[in-house]
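K.L.:
Protein chains: 2
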Amino acid sequence: MISTAPVPSLIGKRALLGLLLVLAQPAAAQRPTLEESFQQKISAERIGEYIKVLTAHPTFPGSAHTKEYAEWIRARLSEWGWDARIETWTVLFPRPVERVVELLGPKPFKARLFEPPVPGDPYSEQSAEHLPTYFIYGPDGDVTAPLVYANYGLREDYETLARAGVSVKGAIVIARSGRMWRGGKVELAAEHGAAAMLIYSDPAEDGYARGLPYPDGSWRTPDGVQRGSILNGKYPGDPLTPSVAATPGAKRLPIDSPDNTIARLPAMPLSYADATPLLAALGGETAPESWRGALPLTYRMGPSEARVHLKIKYDWSNTELYDVVGTIRGSTWPDEWIVRGNHHDGWVYGAQDPHSAHSAMLEEARALGELVRAGWAPKRTLVYASWDAEEQGTIGSTEWMEAHLADLNTKAVAYLNTDVIGPGTVRVTGASSLAQFITDIAQRITDPRSGVSVVDRARIKTEANAPTGGGPAGAAVFGVGVEYDIARSRLRFGPPGYGSDHHAFVSHAGIAALNLEFGDDLSLGAYHTVYDDFAWYERFGDPGFAYGRVTAQLNGAAVIGLADATILPVEFSAASDAVAEEIAKLKALYGRLRSAVANQNRLAALDAYRVLASPDHPRRPPDIAPIPVVDLAPLDAAAVKIRAAAERYGKAKEQSLTRTVAPARARAVNRLLVAVDRAALREGGLPGRPYYRNELFSPGRLWDTVPIPAVGDAMLDGDWKAAAAQVPLAAGTLLNIAAAIDAASAALEDVGR
Amino acid sequence: MISTAPVPSLIGKRALLGLLLVLAQPAAAQRPTLEESFQQKISAERIGEYIKVLTAHPTFPGSAHTKEYAEWIRARLSEWGWDARIETWTVLFPRPVERVVELLGPKPFKARLFEPPVPGDPYSEQSAEHLPTYFIYGPDGDVTAPLVYANYGLREDYETLARAGVSVKGAIVIARSGRMWRGGKVELAAEHGAAAMLIYSDPAEDGYARGLPYPDGSWRTPDGVQRGSILNGKYPGDPLTPSVAATPGAKRLPIDSPDNTIARLPAMPLSYADATPLLAALGGETAPESWRGALPLTYRMGPSEARVHLKIKYDWSNTELYDVVGTIRGSTWPDEWIVRGNHHDGWVYGAQDPHSAHSAMLEEARALGELVRAGWAPKRTLVYASWDAEEQGTIGSTEWMEAHLADLNTKAVAYLNTDVIGPGTVRVTGASSLAQFITDIAQRITDPRSGVSVVDRARIKTEANAPTGGGPAGAAVFGVGVEYDIARSRLRFGPPGYGSDHHAFVSHAGIAALNLEFGDDLSLGAYHTVYDDFAWYERFGDPGFAYGRVTAQLNGAAVIGLADATILPVEFSAASDAVAEEIAKLKALYGRLRSAVANQNRLAALDAYRVLASPDHPRRPPDIAPIPVVDLAPLDAAAVKIRAAAERYGKAKEQSLTRTVAPARARAVNRLLVAVDRAALREGGLPGRPYYRNELFSPGRLWDTVPIPAVGDAMLDGDWKAAAAQVPLAAGTLLNIAAAIDAASAALEDVGR
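Protein chains in written order, with the numbering used here: chain A, 1174 to 1926; chain B, 1174 to 1926.
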């Protein structure tokens, strides 16, 4: 076209030049916003550098370099303009001095309990620095007993063993990892009378069944061991200082107190190389199909004829933890805090867990510091925290929360957590009241792989998985995902969960928490092993650190928005959906448990346990039990009130948008909005677990995810009387939430007048 | 009581004596029926003896002892009073002279292709007598090519490979056995351009994943190979003599004719020991979760970098087959035949397959012979057949059927087949018109394990599995089962299937066939291996031969009832249900295929294949395709006619029960009842497959189970025009069935007047 066009006139040339200038320079309206400036500052390369620096050596509490790393983080925050300090706690941190797992009998075998170096991975060779393979917070023990296999070690697995006539009383129970918090598994084994517990990583979970083992691929090697905490779930944090910060002088529970969180059974984690000879020694009936993993053997229920010997002895010392906390004081409302956190400890190196996301948080802090230097004065106070000892039970964050609870109670607007990230779709959980706010930000961030916005990727994944006549077609091609709420056209926030540092903020303090993370599959085989190191991570975790970059962009932009909004950017329609969803899950649980009783009764009445069982595999019929009845209507009624309150607030918010709000009036509204989150707390806490106060979002007693846990836990334990008694109490808390929203609405309506 | 009673008077003593005599002798009404006499004669011990005698050496066609065994069977039938003879056929029976499967490249491996002796099993040591491991009826071949893994080798598996960009053109495809007839897998591999095929037995199917391998348990050893036929499915029987008996002088197709049933690709079966190094050599992407078996390796789609060499060369000779057929001539209607059959050939010994059930049939024949000697004169002619070469493609039964088709067409009332049995619930398939008749008999037979009736066991299993609010609770405890029709209070007959000797009788000749077998799980790991021998069978197959006994009792009682009934004991309500069920299955297939197209279009429109796929694992979007539309209403309309006809017959039958029917009039009704089965045949056969004439119960073109195969096969092949064109033709056949029932009703109504 250009080559055939006539030569333009001079005027034409000038006009063209003018047009080009306009295109080359942003118009006033197109000057980069604060958010855009922030986004441009985030560097993937720097994120990679932070990870490399902080994982040159192991990062677990008490390790040789942990204090040096904390100092390094503090120094960076200071350098970037933050008021940074280290807060130190003294917590119980037992380390094993003796570990034995061995098979006795005719084919003796002694477990290696060691993760050897892997070719081409220099980190894996620093064996002297590594933390041994063990579970923290189990008791000393020396047990010799037959072995019984309990699948995942869930409630229903013990039911299956009982039906098959296999007793776990006095036995060592071996279970595979997955499906439930490992501490819950140990507690259930104790409740069923076991003497000790072994938990191993089956290759079906994250070994060769999933892909090539490390170093050929990312997946668990035969020797890879999943370390972990087995806290019994009464509360998070230091096992000896519930509800108070673990300062050197804090009052401590004795180590042998039944009130602390130390597990009831000695327990050890095993690699599948170590577990194989033990599983091969099991006798008894072939395990049901759903119990079979990917090892090349016949999974049997046991017991074993040969006995297993487990011995574990700890040094019960304390260790110092280092939380690094940086602050930028708010210019308008300094006593309103936006708290952002990620832990810096790994089980060994922790390149993926936690440094994949920790490094993103550091890069946010750097970029925010630059913005402040360039003149930005955030209206609210920013608190960036790098926690210690998350892996042992969210200890660093819990102790800090306990130390600052009085301040947090009035000042904390929100807590933004991250932990582990990787390539793929955005994964958002936590405070649904911020769902629309986060969606609007994520819409402006580009997914590094596909080039569409982060929200569009979530939408496409969810729509691909939407059920159709032929089933969820997308799942087979791309994996399951429901990250988007199609009906509401926004990101769908799941419940917060309890596996990271927001745990205490949400469940004890009632603070709105967000987890804004990325990744289609974060379980890639290195979880809690020595191999989760930089060599592994740069190849398999987040190549090019592209998803580290978007994690920093999304969280940093959320912090900016929360810091500067006059009226906090919440609304309650998604939150009201979330309450309704928790009630729906409780009803589903109720239905499932009722049906289980009804089905067992039905099968017993049919004489099916006798008629259909093979003589080699007799089945013990369960006792006929009454079918439980619990009236859940009060919860529905309360949910209706919350929905109405949410609608009222929506209208008030819409009206207020046309008004300019003075800071003082905004402050009044915002205080009431923060109070909505606190209204989810039940006075005195949940039954038998005073630490846990959040009616909606506290963990179950086994640290599992249980809907309306005061009611749901009672159902799971078969205590139907308690479940019925808890319904009106839980409904009462929900009514408090509705009232708190109404109070905020009234204040906002005032502003609008 | 006796010691304290006064001495009875003389009169009292006499009266007591009389009472005792009455109790000791059955009253006239309590004299055992013919059926009861038969049942008492059946001996489990003798059944075990037959198996032991007939499996001392291999029993495959052409084996050293096969003729001797046929003579033994004939001699027994004669001894038991049957008019017995051997009918001999000359059929193509290639045996391999060279077999090579090897992995080339840096880690070369040569497959052993051999099933070694197992400690404690003397049969397994007779290696020189064993048939080598191979598939019969594939071509000679010598192929060197990369390997690609195709899961089970189903249509959808090739779709998955295509989406992942893995081509099978020119490759050797390796698939695991199961889910589909192996000949269909070879045909599909050929259709997708593969050069050769390997099919191996994954331990997930019937190896260590299911239970302890032989000899510790019943399950497949690492070296166990599933031999089998890979006929291409155009017709059963001798590949060179379609539709005519394979007499020495019969006209034969050339071996290289495209019209015969020899498969298109060279193919070999493998043990999992031999398959493991090959699977480990696969490159490419990790296979989807549903593709993973139980081997300790990462299942990948391929191709392999190293090439695989497969060479197979056959001796293309013929072999003689020996069908042993015994007859007892009917006293009233000698030209009405009740045919009963079971094959006597095994792939090697065949203790379970077929001798578990073959021995039961022999015991029936013995007991029936005794009844005849004791004075019973069956009204109809009994034909007991012991078939040869079932394993290679139901050859002995097919050739016999073809030789006697003219007679069978007018004379065959029913064919009762068995093949393999074991402990557990009754499994009934075939002619639903006999469902009530069989249920009534089975109600009088006791399940050996539970002591309840065979029908009650089926009912309890089905009720245990009935869907409830909490899901099919019984399934988890006892395995799935729907052997009973709860709504109709009778055994539920599945479609006949095509995997045994009733194949040609049903699909070509339109003869009512029954399979009355037992067993909850017949796949116990020895299938088509040398280890399916007496040593294995007496431990794991049917200990004590108790289910052999009930199989003989059920089939023999059915034969007696069919032989002596004045009006044949059929009714059509269950048959009408069965037609409706086939139509429902066709609709489900239609819906599934439509949804698959719609979902692919939807995903492509969402750009999901690009946005959601990992860069390491790109996905090729399929072409957007129009969503197919086929009007199935004519089938529903025809089914309504069949239901109405069934109801009319039911009323006529009820009326006739009060009348005595003269033999000549009964004969007229019975001829029309037999004609109902023949009415399911379509003149000229199914499109492209003239051999298959049964509109309802012919196999699909890949010998899979396809509802209304003329329509269903076209749908599966994506030929929607052909599917639409076939609907009225299929509906026409169904209307013929309705008309045939009506004709029988009219005749029976006449009898009732």
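Just so you know, even glycine gets a beta-carbon here, dropped at the ideal spot from N, CA and C.
#1: How about the segment 1495-1502 of chain B and the segment 1219-1226 of chain B: do they share at least three Cβ pairs that are nearer than 8 Å?
#2: Where does residue 1743 of chain A fall in DSSP's three states?
#3: For the pair the segment 1655-1662 of chain B and the segment 1626-1641 of chain B, tell me if three or more CB-CB distances fall below 8 Å.
#4: Can you tell which of B:1336, B:1748, B:1600 has its C-alpha closest to the C-alpha of residue 1773 of chain B?
#5: Using a Cβ-Cβ cutoff of less than 6 Å, which residues in the same chain neighbour residue 1745 of chain A once the five nearest sequence positions on both sides are dropped?
#6: Mapping DSSP to helix, strand and coil, what is residue 1214 of chain A?
#7: Which word fits residue 1198 of chain A, buried or exposed, when buried means at least 16 other C-beta atoms lie within 10 angstroms of its C-beta?
#8: Where do the ends of the alpha helix (DSSP H) carrying residue 1887 of chain A lie?
#9: What ranges does the alpha helix (DSSP H) occupy inside the segment 1507-1554 of chain A, keeping only unbroken runs of at least 4 residues that lie completely in it?
#10: Do three or more CB pairs link the segment 1442-1461 of chain B to the segment 1276-1287 of chain B at distances below 8 Å?
#11: For residue 1524 of chain B versus residue 1706 of chain B, is the C-beta distance shorter than 8 Å?
#12: Looking at chain A, which residues of the segment 1665-1691 of chain B have a Cβ within less than 7 Å of any of its Cβ atoms?
#13: How is residue 1918 of chain B classed by DSSP in three states: helix, strand or coil?
#14: Please name the residue, chosen from B:1539, B:1581, B:1466, B:1531, that lies closest to residue 1561 of chain B on a Cα-to-Cα basis.
#15: Beta-carbon of residue 1296 of chain A versus every beta-carbon of chain B: anything under 8 Å?
#16: Determine the direct distance from the alpha carbon of residue 1331 of chain A to that of residue 1464 of chain A, and round the result to whole angstroms.
#17: Quick check on the DSSP output: what are the complete alpha helix (DSSP H) runs of length 4 or more inside the segment 1437-1469 of chain B, in order along the chain?
#18: Using a Cβ cut-off of 9 Å, pull out every chain A residue sitting near residue 1378 of chain B, in sequence order please.
#19: Kindly give me the distance between the Cβ atoms of residue 1725 of chain B and residue 1493 of chain B, rounded to whole angstroms, as I take these residues to be in contact under 8 Å.
#20: Can you check the segment 1543-1608 of chain A for any alpha helix (DSSP H) of at least 4 residues that lies completely inside it and give the ranges in chain order?
#21: Determine which residues of the segment 1775-1808 of chain A have a Cβ less than 8 Å from any Cβ of chain B, and write them out in chain order.
#22: Does residue 1583 of chain A pass the burial test, meaning 16 or more other C-beta atoms within 10 Å, or should it be called exposed?
#23: Would DSSP call residue 1371 of chain A helix, strand or coil?
#24: From which residue to which residue does the beta strand (DSSP E) around residue 1484 of chain B run?
#25: Return the residues of the segment 1471-1495 of chain B that lie within a Cβ-Cβ distance of less than 7 Å from chain A, sorted by chain order.
#26: I'd like to check one pair, residue 1488 of chain B with residue 1267 of chain B: are the Cβ atoms closer than 8 Å?
#27: Pull up the distance between the alpha-carbon of residue 1427 of chain A and that of residue 1433 of chain A, whole angstroms please.
#28: Which same chain residues end up closer than 8 Å to residue 1587 of chain A when comparing Cβ atoms and leaving out the 5 residues on each side of it in sequence?
#29: Could you tell me which whole beta strand (DSSP E) segments of length 3 or greater appear in the segment 1263-1340 of chain A?
#30: Determine contact between the segment 1357-1369 of chain B and the segment 1392-1406 of chain B, defined as no fewer than three beta-carbon pairs at a distance below 8 Å.
#31: Could you give the distance in angstroms between the alpha-carbon of residue 1932 of chain B and the alpha-carbon of residue 1786 of chain A?
#32: What residues are listed by DSSP as bridge partners for residue 1256 of chain A?
#33: Give the range of the alpha helix (DSSP H) segment to which residue 1851 of chain A is assigned.
#34: Taking the continuous alpha helix (DSSP H) assigned at residue 1625 of chain B, which residues delimit it?
#35: Please decide whether residue 1720 of chain B counts as near chain A, where near means a Cβ-Cβ distance under 8 Å.
#36: Cβ atoms of residue 1666 of chain A and residue 1599 of chain A: under 8 Å apart, would you say?
P.N.:
Taking the geometry as given:
#1: Verdict: no, contact absent.
#2: The residue given as residue 1743 of chain A occupies position 570 in the first sequence. The three-state secondary structure of residue 1743 of chain A, taken from DSSP, is coil.
#3: As far as the Cβ criterion goes, the segment 1655-1662 of chain B touches the segment 1626-1641 of chain B, which means the pair count is three or higher.
#4: Position 600 of the second sequence holds residue 1773 of chain B. Per the Cα distances, B:1336.
#5: Walking along the first sequence from the start, residue 1745 of chain A turns up at place 572. Scanning its chain for C-beta atoms nearer than 6 Å, with the 5 sequence neighbours on each side dropped, one finds around residue 1745 of chain A the residues 1606, 1819, 1822, 1914, in chain order.
#6: Counting from one through the first sequence, the residue named residue 1214 of chain A turns up at place 41. Three-state result, residue 1214 of chain A: helix.
#7: Taking the first sequence and counting its residues from 1, the one referred to as residue 1198 of chain A is at position 25. Confidence in residue 1198 of chain A is poor, its pLDDT being 45 and thus under 50, which makes the residue's placement unreliable; the coordinate value appears in the next sentence. Per the 10 Å Cβ criterion, exposed.
#8: Numbered from 1 along the first sequence, position 714 holds the residue referred to as residue 1887 of chain A. It spans 1882-1889 - the alpha helix (DSSP H) in which residue 1887 of chain A sits, taken as one unbroken run.
#9: Qualifying alpha helix (DSSP H) stretches, in chain order: 1528-1546.
#10: In the pairwise beta carbon analysis, the segment 1442-1461 of chain B is classified as touching the segment 1276-1287 of chain B: at least three pairs are separated by under 8 Å.
#11: Stepping through the second sequence from its first residue, residue 1524 of chain B is reached at position 351. Stepping through the second sequence from its first residue, residue 1706 of chain B is reached at position 533. At a Cβ-Cβ threshold of 8 Å, residue 1524 of chain B and residue 1706 of chain B count as neighbours.
#12: When C-beta distances to chain A are compared with 7 Å, every residue of the segment 1665-1691 of chain B stays at or above that value.
#13: On the second sequence, position 745 is the one that residue 1918 of chain B refers to. Residue state, collapsed to three classes: helix.
#14: Walking along the second sequence from the start, residue 1561 of chain B turns up at place 388. That would be B:1531, whose Cα lies nearest to the Cα of residue 1561 of chain B.
#15: Translated into positions along the first sequence, residue 1296 of chain A becomes position 123. Output row for residue 1296 of chain A: interface = no.
#16: One-based indexing of the first sequence puts residue 1464 of chain A at position 291. One-based indexing of the first sequence puts residue 1331 of chain A at position 158. Cα to Cα, the separation comes out at about 12 Å.
#17: Listed in chain order, the complete alpha helix (DSSP H) runs (minimum 4 residues) inside the segment 1437-1469 of chain B are 1445-1453.
#18: Looking up residue 1378 of chain B in the second sequence gives position 205. Under the 9 Å cutoff, chain A gives no residues; its nearest Cβ is about 12 Å from residue 1378 of chain B.
#19: Position 552 of the second sequence, counting from 1, holds the residue named residue 1725 of chain B. Position 320 of the second sequence, counting from 1, holds the residue named residue 1493 of chain B. Contact flag wrong, Cβ pair sits at about 29 Å.
#20: Here the runs fully enclosed are 1568-1576, 1578-1584.
#21: Taking 8 Å as the cut-off between beta carbons, the residues of the segment 1775-1808 of chain A near chain B are 1775, 1776, 1779, 1780, 1781, 1782, 1783, 1784, 1785, 1786, 1787, 1788, 1792, in sequence order.
#22: Residue 1583 of chain A sits at position 410 when you count from the first residue of the first sequence. Around the beta-carbon of residue 1583 of chain A, fewer than 16 other beta-carbon atoms lie within 10 Å, marking it exposed.
#23: Here residue 1371 of chain A refers to the residue found at position 198 when the first sequence is read from its first residue. DSSP places residue 1371 of chain A in strand when its eight states are reduced to three.
#24: Reading the second sequence from its first residue, position 311 is the one you call residue 1484 of chain B. First-last of the beta strand (DSSP E) with residue 1484 of chain B: 1480-1488.
#25: Within the segment 1471-1495 of chain B, the residues whose Cβ lies closer than 7 Å to some Cβ of chain A are 1471, listed in chain order.
#26: In the second sequence, residue 1267 of chain B corresponds to position 94, counting from 1. In the second sequence, residue 1488 of chain B corresponds to position 315, counting from 1. Judged by beta-carbon spacing, residue 1488 of chain B lies within the 8 Å limit of residue 1267 of chain B, meaning their Cβ atoms are closer than that value.
#27: Within the first sequence, residue 1427 of chain A is the residue found at index 254, counting from 1. Within the first sequence, residue 1433 of chain A is the residue found at index 260, counting from 1. Looking at the two C-alpha atoms, the distance is approximately 8 Å.
#28: Looking up residue 1587 of chain A in the first sequence gives position 414. If we look at residue 1587 of chain A and ignore the five residues flanking it on each side, its Cβ neighbours are 1511, 1512, 1604, 1607, 1684, 1685, 1686, 1687, 1735.
#29: Counting only runs of 3 or more, we get 1268-1276, 1314-1322.
#30: Yes: the two stretches touch, three or more of their Cβ pairs being nearer than 8 Å.
#31: Residue 1932 of chain B lies beyond the residue range present for chain B, which begins at 1174 and ends at 1926; the question has no answer from this structure.
#32: Start at 1 with the first residue of the first sequence, and residue 1256 of chain A comes out as number 83. A:1500, per the DSSP bridge assignment.
#33: Residue numbering aside, residue 1851 of chain A sits at position 678 when the first sequence is read from its first letter. Where residue 1851 of chain A is concerned, the enclosing alpha helix (DSSP H) stretches over 1836-1851.
#34: Here the question's residue 1625 of chain B lines up with position 452 in the second sequence. Where residue 1625 of chain B is concerned, there is no enclosing alpha helix (DSSP H), because DSSP gives it neither an H nor an E.
#35: In the second sequence, the residue the question calls residue 1720 of chain B occupies position 547. Under the 8 Å criterion on CB atoms, residue 1720 of chain B is classed as non-interfacial with respect to chain A.
#36: For this step, residue 1599 of chain A is matched to residue 426 along the first sequence. For this step, residue 1666 of chain A is matched to residue 493 along the first sequence. No; because the gap between Cβ atoms is not below 8 Å, this pair is not in contact.
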